[in-house]
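For the record, the sequence lines run as chains L and D. For the first sequence, the tail end lands on 347 under the UniProt record's numbering, and the numbers increase by one without skipping. For the second sequence, the tail end lands on 347 under the UniProt record's numbering, and the numbers increase by one without skipping. Data block below; observations after.
Number of protein chains: 2
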Amino acid sequence: MSELRFDPVKQKWSVIATERSRRPHDFLVERHEHAHGEKAQINCPFCYGNEVHTPHEIYAMRSFGKKNDANWLTRVVPNKYPAFGIEGELKRSGSGIYDTVTGIGAHEVIIDTPVHSMRLKTYDRMTVYNLFYTFRERVRDLSNDTRFRYIMPFKNYGLGFGTNIIHPHSQVIALPVVPNILKTKLKSAKEHYRRKERCIFCDILEQEHKDNSRIVYENQDFIAFCPYASSFPFELSIYPKQHAHSFAVITESGLTSLADMITEIFHRLDRVLEDPPLNMVIHTSPPLNYRPGKPDFWHSIKFDYHWHIEIAPRLTGYAGFEWGTGFHINPVRPEEAAEYLRQAGGI
Amino acid sequence: MSELRFDPVKQKWSVIATERSRRPHDFLVERHEHAHGEKAQINCPFCYGNEVHTPHEIYAMRSFGKKNDANWLTRVVPNKYPAFGIEGELKRSGSGIYDTVTGIGAHEVIIDTPVHSMRLKTYDRMTVYNLFYTFRERVRDLSNDTRFRYIMPFKNYGLGFGTNIIHPHSQVIALPVVPNILKTKLKSAKEHYRRKERCIFCDILEQEHKDNSRIVYENQDFIAFCPYASSFPFELSIYPKQHAHSFAVITESGLTSLADMITEIFHRLDRVLEDPPLNMVIHTSPPLNYRPGKPDFWHSIKFDYHWHIEIAPRLTGYAGFEWGTGFHINPVRPEEAAEYLRQAGGI
């Protein structure tokens, strides 16, 4: 089973993923494959008719037929090499100065669409709707498991940027601990709310509206802008305009509006950057069923946290400077990035 | 001038580097170049005789001759596209919810050796000694500038992993703020010292010694091990065995011992992973001349902080999961990695 190990100096968890265990030679093979593009996929396991080549289906959007049939719109299966295992007991242990938690969690793959060669620039509103509908269903379902402290849907797009399979897919991960990045966000939000009785994210949206130089696109329910302190060139944040702590509570009408927003952003990114590799993450509140010992903390999240989506095209690297400082060097001013994306025009 | 911008939610600085300013098209060119290897270097600016093609020399190890002559052993020049500028006033300003600091700092390139095609696996002790001697001289010199809150020497190795130039080189960066990662480390160290009157790093070294499963190599003055919560496969930490807060205080005899250690590690990494791309960072204490308002904090660093070197081969990616959580997924147990590196044998 995988293990989460805590670094007492960096105050940071690492996942030692034994299911993915690899020997030195495996990395050489991967470097070679990476340099020579995608592995030949004769039978793509994510295409219609190859359902037997994935682990057993967890969820699917389909209007008829039974589990593991073809004719689905989206399909969710366990990751074949999961970083976290769904079975087993959550155990916390210590050894001297070090802490460990068993790698209990979920690691699921969402197949976005049956169309093998679809690129983000050809995603239509219905494809995006189906994907985010599926994200919502998985977050809702996984929230019922009280072992999980955080659930994160995300997408790695572009060969070599977190994926080696070309067939469009995303992921959902459920974790037994609250990750550092979320902890910091929750803490900032809580501190701001305590002092001002206002949501820090709502305050940011208001300032972005007034300033107007970083906004890329907005519709009735959502706003997209290049964040003031963007770590990456053409980085984007997307927020619901109405305060809401959790992505899980989004309605069908909200999903329709979100589908418009995301499709718009994918198309604009393609126009400006020609089908760039990217990562997309949904930052939602931790499931509220987790409340041991800290009832106030979890109760107040509804007021002080505001869910959002972050998208980062992968144009710059992650090397010694970023690793050593935690900073990123971004060679494009967010105001300029926003201007390019505004002028790129709609779908 | 570049700007540091602070994200009030993530509590994290980003560097908006205008000297490196790029337009969307530039990224396409880079993606193309990345896919097709190194740019043709007819006149490598880092080779003997091409000294005029770099900005004016800051420092060099040479036994005779004058500035910008050839016949150097190592040579330090300003980065041609610096993320930080040495000239100008350090200004802190705010705009609503956002904070900004002018991008004052230093961004230097160290040419490790005159030998254009030297790889880490062919670094001998003298080459490593010269490099670290140069690191020390630059840290000492930059520490005199009271505008700088942190100085970090580091190395990106491998085309596409933070560098596009094959001629062996490293970097030193001086920052006007203390980076998040160091802040967390300082805080953990201080908290541990306050409770136990012991250095947390010395405690870790003691536990690693007792456990013995993650130690790779040690000599009289240094110890190298794969850290318990390694974020990356075959990650290594190197510590001086005697407590010392700052790399700047290392003696010539210490440098000789360090050169043995680093050469040993480079060779073993090559034996196990065949010349892997890697990042190396020296984590030293902030310069102690900075003490405004917090005399105790800066005074106690001598006792609670312990300088060290981190090396991470770049075998796994940085994608949505890492970006969204701050965790890394490491598919190799540090105990196994240490075993491979131990068995790889010495130089």
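Where a beta carbon is used, it is the ideal one built from N, C-alpha and C, also for glycine.
Neighbour-count burial assignment, residue i, 16 or more Cβ in a 10 Å radius
| i | result |
| --- | --- |
| L:MET280 | buried |
| L:THR74 | buried |
| L:ILE282 | buried |
| D:THR325 | buried |
| L:VAL52 | exposed |
| D:LYS155 | buried |
| L:HIS328 | buried |
| D:GLY94 | exposed |
| L:LYS196 | exposed |
| D:SER253 | exposed |
| L:ASN130 | buried |
| D:PRO24 | buried |
| D:GLU274 | exposed |
| L:VAL76 | buried |
| L:ALA60 | buried |
| D:PRO8 | buried |
Within 8 Å, strictly: CB atoms of residue i and residue j
| i | j | result |
| --- | --- | --- |
| L:PRO78 | L:HIS107 | yes |
| D:ILE110 | D:SER170 | yes |
| L:SER246 | L:SER285 | yes |
| D:LEU182 | D:PHE234 | no |
| D:PHE135 | D:GLY105 | no |
| D:LEU186 | D:TYR305 | yes |
| D:CYS47 | D:PRO114 | yes |
| D:ARG125 | D:ALA259 | yes |
| L:LEU288 | L:ILE301 | yes |
| L:TYR98 | L:ARG20 | no |
| D:MET261 | D:ALA224 | yes |
| D:VAL15 | L:ASN50 | no |
| D:THR184 | L:GLN220 | no |
| L:ALA248 | L:VAL128 | no |
| L:TYR123 | L:PHE222 | no |
Whole-Å CB distance - residue i paired with residue j, under 8 Å assumed
| i | j | result |
| --- | --- | --- |
| L:PHE303 | L:TYR193 | 6 Å |
| L:ARG314 | L:LEU278 | 6 Å |
| D:PRO227 | D:TRP307 | About 15 Å separates the two Cβ atoms, so there is no contact after all. |
| L:ALA319 | D:GLY162 | 3 Å |
| D:ALA344 | D:ARG271 | 4 Å |
| L:VAL101 | L:VAL178 | So it is not a contact: roughly 12 Å between Cβ atoms. |
| L:ASP203 | L:PRO168 | About 36 Å separates the two Cβ atoms, so there is no contact after all. |
| D:ILE173 | D:PHE27 | Their Cβ separation, rounded to whole angstroms, is 23 Å, which puts D:ILE173 and D:PHE27 out of contact at 8 Å. |
| D:GLU264 | D:TYR217 | 5 Å |
| D:ALA312 | L:TRP13 | Contact doesn't hold; Cβ gap of about 17 Å is too wide. |
| D:GLY103 | D:LEU4 | 6 Å |
For residue i, three-class secondary structure by DSSP
| i | result |
| --- | --- |
| D:ILE16 | strand |
| L:ASP112 | coil |
| residue 371 of chain D | Nothing in the structure corresponds to residue 371 of chain D, since chain D is present only between 1 and 347. |
| L:THR54 | coil |
| L:ARG92 | strand |
| D:VAL139 | helix |
| D:TYR98 | strand |
| L:ALA248 | helix |
| L:GLU322 | helix |
| L:ILE173 | strand |
| D:GLY301 | Looking at the sequence itself, residue 301 of chain D is Ile, so the reference to Gly does not match. Reduced to three states, the DSSP call for D:ILE301 is helix. |
| D:LEU288 | coil |
| D:TYR340 | helix |
| D:ASN156 | strand |
| D:GLY254 | helix |
| L:MET261 | helix |
| D:LEU69 | First, the amino acid is wrong: residue 69 of chain D is Asp here, not Leu. Coil at D:ASP69, not helix or strand. |
| L:ILE200 | helix |
| D:PHE6 | strand |
Contact test: residue i Cβ vs the ligand COA heavy atom, cutoff 7 Å
| i | result |
| --- | --- |
| L:LEU186 | For the structure depicted, the ligand COA is absent and the ligand set is empty, with no information on it obtainable. |
N-terminal and C-terminal residue of the beta strand (DSSP E) that residue i is part of
| i | result |
| --- | --- |
| L:SER63 | Here L:SER63 belongs to no beta strand (DSSP E), and DSSP marks it neither H nor E. |
| L:PRO240 | 236 to 240 |
| D:ARG75 | 74 to 78 |
| L:MET1 | Counting along the chain, L:MET1 falls outside any beta strand (DSSP E), and DSSP gives it neither H nor E. |
| D:GLU310 | 308 to 313 |
| L:MET280 | 278 to 283 |
| D:HIS328 | 328 to 330 |
| D:ALA224 | 222 to 225 |
Residue span of the alpha helix (DSSP H) that contains residue i, given as start and end
| i | result |
| --- | --- |
| D:ILE104 | Run containing D:ILE104: none; DSSP gives neither H nor E here. |
| L:ASN144 | Premise fails: L:ASN144 is in no alpha helix (DSSP H) and is neither H nor E. |
| L:ALA189 | 180 to 196 |
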